[in-house]
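Visitor: This is the structure, below, for whatever I ask next.
In the numbering used here, the protein residues as written are 6 to 326.
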């Protein structure tokens, strides 16, 4: 007898299962991902060698520049005016944001926001009886900001108070309506104050008691205070801010920013009064469509004009009696 085949037996390599692919190294423009597997039994004594234990492949080859993707059109809103030609609005939200140098239409672009005319009947026709004021039947939280700056002059201030009195009376005359009014008198930063809040039950007597501040025009501060008051408003009420003003704001930049911020929370209706009112600036600040958010009084004598006052009521109240 003699020994034979005394050399060790060959052992083939045994590999485990492939792992899952790693995340891509780039979100766009071409990246790399990899996967691996471990060696369960290494090659020995000339056995079958191991295959690859790592693999890579390209991923996310699409361009880094991609335009946004818009969702479907939403439902039409209710009409924003009770008379005088208002608008209903619908919007499209961004479903997928733009990437890199991709483009996306502005929120106000026609591809994302559209308007439809509504309630075309003139406000004066609703006031069928001569001298009759329109009556609001909506649930409204109304902030009325009244300019008390020196540029008004004694007559302009007296007429402004008459306009504010008429509006408070008009919004308070319907017993079944659920309207809360907060009255703010603004001038310089040191001379801007609340006359009443939503919880105070504002009446025309509160307007009559206002004293002329005869100072600057801190419109931005007034808008910020109005936004703060609306925090105490009712979630199911229509939020409206009326701004009665004749003068250029002390700070144009701050007023533009405050107006843009307030418009996210309430409908802001501007009432530029007198010939020196900053109409161009107000049109910049007003939301679109401009005619739904600006009612101009060209002369102080017109501040008691019932037809114009009815236009203000129609612009502020979605449902009229």
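From the three backbone atoms N, C-alpha and C, an ideal C-beta is built for every residue, glycine too.
Taking 7 Å as the threshold (C-beta atoms), are residue 84 and residue 126 in contact?
Guide: no
Visitor: Closest to residue 299 by CA distance: which of 305, 319, 179 is it?
Guide: Sorting 305, 319, 179 by C-alpha distance to the C-alpha of residue 299 places 319 at the top.
Visitor: By Cβ distance below 6 Å, which residues in the same chain neighbour residue 246 in space, the five residues on each side in sequence not counted?
Guide: 148, 231, 271, 273
Visitor: Mapping DSSP to helix, strand and coil, what is residue 120?
Guide: Note: residue 120 maps to strand in three-state DSSP.
Visitor: Which value, in whole angstroms, describes the spacing of the CA atoms of residue 177 and residue 73?
Guide: Straight-line Cα distance between these residues: approximately 47 Å.
Visitor: Can you list, in chain order, the residues of its chain with a C-beta nearer than 8 Å to that of residue 249? Leave out the 5 residues immediately preceding and following it.
Guide: 149, 150, 151, 152, 165, 168, 169, 276, 278
Visitor: Going by the CB atoms, is the gap between residue 162 and residue 199 shorter than 7 Å?
Guide: no
Visitor: Count the C-beta pairs between the segment 39-50 and the segment 16-31 that are closer than 8 Å, then say yes if the count reaches three, no if not.
Guide: yes
Visitor: Within 10 angstroms of the Cβ of residue 67, are there 16 or more other Cβ atoms? Answer buried if so, exposed if not.
Guide: That one is exposed.
Visitor: Using three-state DSSP, classify residue 261 as helix, strand or coil.
Guide: helix
Visitor: Leaving aside the five residues before and after residue 226 along the sequence, list all residues of the same chain whose C-beta is less than 6 Å from its C-beta, in chain order.
Guide: 194, 197
Visitor: Could you tell me whether the segment 87-103 touches the segment 310-319, where touching means 3 or more Cβ pairs closer than 8 Å?
Guide: yes
Visitor: Just list the alpha helix (DSSP H) runs in the segment 209-270, keeping only unbroken ones of 4 residues or longer that don't cross its boundaries, in chain order.
Guide: Runs found: 209-213, 224-235, 257-267.
Visitor: Quick check on this structure: which residue in 123, 102, 106, 96 has the alpha carbon closest to the alpha carbon of residue 112?
Guide: For the residues 123, 102, 106, 96, the minimum Cα distance to residue 112 belongs to 96.
Visitor: Cα-Cα, which of 86, 106, 116, 105 is closest to residue 99?
Guide: 116
Visitor: Rounded to whole angstroms, how far is the Cβ of residue 261 from the Cβ of residue 289, which I believe are closer than 8 Å?
Guide: 7 Å
Visitor: Is the CB-CB distance between residue 140 and residue 326 below 7 Å?
Guide: yes
Visitor: Could you tell me how far apart the beta carbons of residue 31 and residue 65 are, in whole angstroms, since I believe they sit closer than 8 Å?
Guide: 6 Å
Visitor: Below 8 Å CB to CB, which residues in the same chain sit around residue 310 once its five sequence neighbours on both sides are set aside?
Guide: 302
Visitor: Alpha carbon to alpha carbon, how far is residue 191 from residue 78? Give it in angstroms, no decimals.
Guide: 40 Å
Visitor: Would you kindly report the start and end of the unbroken alpha helix (DSSP H) that includes residue 327?
Guide: It is not possible to answer for residue 327, since the shown part of the chain is limited to 6 through 326.
Visitor: According to the neighbour-count rule (16 or more other Cβ atoms, all chains shown, within 10 Å of its Cβ), is residue 251 buried or exposed?
Guide: So residue 251 ends up on the buried side.
Visitor: Out of 294, 185, 258, which has the shortest C-alpha to C-alpha gap to residue 207?
Guide: Of 294, 185, 258, the residue nearest in Cα terms is 185.
Visitor: I need the straight-line Cα distance from residue 40 to residue 63, nearest angstrom please.
Guide: 12 Å
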